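Here the sequence shown stands for residues -27 to -1, 1 to 479, numbered as in mature numbering (1 follows the signal peptide of the UniProt record, and there is no 0). These notes are about the structure you will find just below.
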Amino acid sequence: MNTTQMLSLKPLWALSLASLLALSACSKDQAPASPPIKSNSNMASSQQQGPWQLPPPPPNYQGPLFSLSHNYPAAYTQPLPTAWQQAINSSRINVNNAQQYTLALKAAIAKDMRQLIYDYPNWQPAKAGWYNQPWLSDIRDPIRGSYIGSTFPPAMFPQSKLSAEMTTHVAVYYDSVAAVSLNNVWGSSGTNPMPGLAAGGAQFPEGGIIVKPAFTTADASTWPPMAGAYPVTIYANNDGSSPRQMMDVQFFQFDIIVKDSQSSPQSQWVFTTLVYDKNAPGDNWDKMVPLGAMWGNDPNINSPQFCDYTVKNGCPALAETWINPAAPLYAKETLGWGGRLSGPNDGAVDIDAVVLKTDGSLALVAPKRYAMSSCMGCHGSAEYTMKSFLLPSPSSCSGDSCTPTFAQCDQAIPANCKVVPPSAPGDKELVYHQTASADFMRWFQNRPGNIPQDPGQIALDYGMNYAFKSLPSWYRNTQAADKNADIGFTGALRNYRGLDPALDDK
């Protein structure tokens, strides 16, 4: 099999990609169009009409609402040396000092994040110096500005006893340094990113911070690790299509990434993840403990598939990922390939994956969990236009179509698999390149953010919110781009998470 056998993206618009969904790495968040909110006739339409459009509020709601912060700064003050660099004596980050680095980074933003999460009625993002991407009102919750992240079946968390399907909801904020990139791309109008992209505007300034709080629909009744987790109220749905409703979701993961070429000269980024630990002392923010950090993909370490990274010496030691040995078990169940960083909102693990071997044959993975990504592995595919899928799956991109490969297999005969169209009836599994093969390793390189994964494209500096959210939505809403500059991956995003319950692979 080769890439000429791959299929057009267009059928994905009608397909639930369930097998993709519990498997994402670093939160490959989906972007389905939300339906109009059922409300009073005088309420604004939920149809997005411009870059700064806000989602309509819930009927008769009197509480705080999301405010899109888009008065982007045009310049910044170099924030060096930073507290997190000082925490490691301005040296390079490594597995021995990554914990100090992560805790210093957490402390540096604690005041603002405590207000964002726990004192939301008084949250003023522009005053605090935090900003958002435009063009996302059609997927945002109007209360917190969140959107659907991932949907996971119980089988994704067997050791921590998840007992019901859960959906996560996430939001993304940029600090006043990182937001200079938003100004360079979107400007004050938010209507034409092409000149800014062509001029390298997507490159983030040194010291820029991007954060992503994540919330889960699971609570202690369906997932014991969530006992005592902080609930917030949003107005949303869990499938991208049904009417929105008020729901409480629990704060359980918080990602902080920072542009830091001094500490991480190869990739120029450090990715950190905090997770909720019910047994940690202190208040809820104190209970957000480090899961780990990564500053590279360890391309020189060939981690065997199925090595057990939850036990000591279960996998070869990594040099560019640090995982907190004291982190709660549930957060480690979805670590990436060989234990590379990936949080429980991300899920760099697939269930019932199919592997394309180097000899061209296909085989169903056994056992049925396949670790195939990492936070940086996923984010590193961010480019314009995208010529590779965000996971190491063989794909075909041309014109306005781009899709990974799917297969159907005989469960009794794992080697009896065949490539099928995404629209084919029955269970379908995503096809991945064989672990550690040359094709697989394209997702595990240590490139600086100004070098795209695919030559000839515009590198988006690990900016997945650009690649999978704002740019596709801008294109979908305006059709203003050059028709020869394909953005075919937008179709995949609309149903990426496998949100049709009738087709979900449980």
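Positions of the beta carbon are idealized from the N, C-alpha and C atoms, including for glycine. Please read all numbers here as calculations on a predicted model, not as lab measurements.
Whether residue i touches residue j by CB criterion (8 Å)
i	j	result
W159	Y435	no
A339	K330	no
T195	Q278	no
A266	A71	yes
V205	D221	yes
Y272	L247	Note that residue 272 is Pro in the sequence shown, not Tyr. Cβ distance not < 8 Å, so P272 and L247 don't count as in contact.
Q239	N423	no
T189	T141	yes
L38	P30	yes
P178	V150	yes
N286	N419	no
Q51	I61	no
T245	L78	yes
G429	F125	no
Y91	P198	no
C390	A380	yes
A99	S162	no
A292	V153	no
P115	L27	yes
L444	P166	yes
G180	K232	yes
S361	D427	yes
A388	S334	yes
A200	K251	yes
C382	V328	no
M359	A290	no
W268	I431	no
Boundaries of the beta strand (DSSP E) in which residue i is found, first to last residue
i	result
I66	Neither: I66 is in no beta strand (DSSP E) and is coded neither H nor E.
T75	Careful: T75 lies outside any beta strand (DSSP E), inside the alpha helix (DSSP H) at A71 to Y91.
G204	The identity of residue 204 in the sequence shown is Pro, whereas the question assumes Gly. Segment P204 to A209, the beta strand (DSSP E) holding P204.
G439	The sequence given here has Tyr at residue 439, not Gly. No beta strand (DSSP E) holds Y439; DSSP gives it neither H nor E.
K232	Q218 to K232
F39	F39 -> no beta strand (DSSP E), and no H or E assigned at all.
T245	W242 to Y249
A336	L335 to L337
Extent of the continuous alpha helix (DSSP H) to which residue i belongs
i	result
W447	L444 to T451
W57	A56 to A60
P98	P98 to A101
Supposed contact pair residue j and residue i - C-beta distance, whole angstroms, cut 8 Å
i	j	result
W310	S347	6 Å
E356	L308	That pair is no contact at about 25 Å.
M345	D323	6 Å
A253	Q223	Actually they do not touch by this definition, with Cβ atoms about 15 Å apart.
G316	W416	Between W416 and G316 the Cβ distance is about 18 Å, and since that is not below 8 Å, they are no contact.
Q218	Q58	Contact doesn't hold; Cβ gap of about 45 Å is too wide.
L109	K442	6 Å
P46	T164	In fact, because the Cβ distance is near 19 Å, the residues do not count as touching under 8 Å.
V404	T376	That pair is no contact at about 11 Å.
M437	H352	5 Å
A193	F225	About 12 Å separates the two Cβ atoms, so there is no contact after all.
I183	I230	5 Å
T294	L314	5 Å
Any non-hydrogen atom of the ligand ADP closer than 7 Å to residue i Cβ
i	result
F225	The ligand ADP is not among the ligands present in this structure, which contains no ligands whatsoever.
(message) In chain order, what are the residue ranges of uninterrupted beta strand (DSSP E) at least 3 long that sit wholly in the stretch 113 to 195?
(response) Listed in chain order, the beta strand (DSSP E) elements of length 3 or more contained wholly in the stretch 113 to 195 are 120 to 125, 139 to 143, 146 to 148 and 182 to 189.
(message) Suppose only complete runs of 3+ residues qualify. What are the beta strand (DSSP E) ranges in the stretch 342 to 416, listed by chain order?
(response) With a minimum length of 3 residues, the continuous beta strand (DSSP E) runs that stay inside the stretch 342 to 416 are 342 to 344, 368 to 371, 374 to 377, 379 to 383, 386 to 393 and 402 to 406.
(request) Output the residue ranges of the alpha helix (DSSP H) runs that lie fully inside the stretch 252 to 326 and measure 4 residues or longer, sorted by chain position. (result) Unbroken alpha helix (DSSP H) runs of no fewer than 4 residues, entirely contained in the stretch 252 to 326, are found at 302 to 305, following chain order.
(request) Could you tell me whether the stretch 138 to 152 touches the stretch 91 to 106, where touching means 3 or more Cβ pairs closer than 8 Å? (result) Contact check between the stretch 138 to 152 and the stretch 91 to 106: three or more CB pairs, one atom from each, fall below 8 Å, which counts as touching.
(message) Below 8 Å, how does it come out for the stretch 168 to 177 and the stretch 286 to 300: are there three or more Cβ pairs, yes or no?
(response) Contact between the stretch 168 to 177 and the stretch 286 to 300 is absent: fewer than three C-beta pairs spanning the two stretches fall below 8 Å.
(request) Give a yes or no on contact between the stretch 81 to 94 and the stretch 123 to 142, applying the rule of three or more CB pairs nearer than 8 Å. (result) They do not touch, by the three-pair rule.
(message) Assess contact between the stretch 206 to 215 and the stretch 115 to 128, defined as three or more Cβ pairs (one per stretch) separated by less than 8 Å. Is contact present?
(response) Touching, yes.
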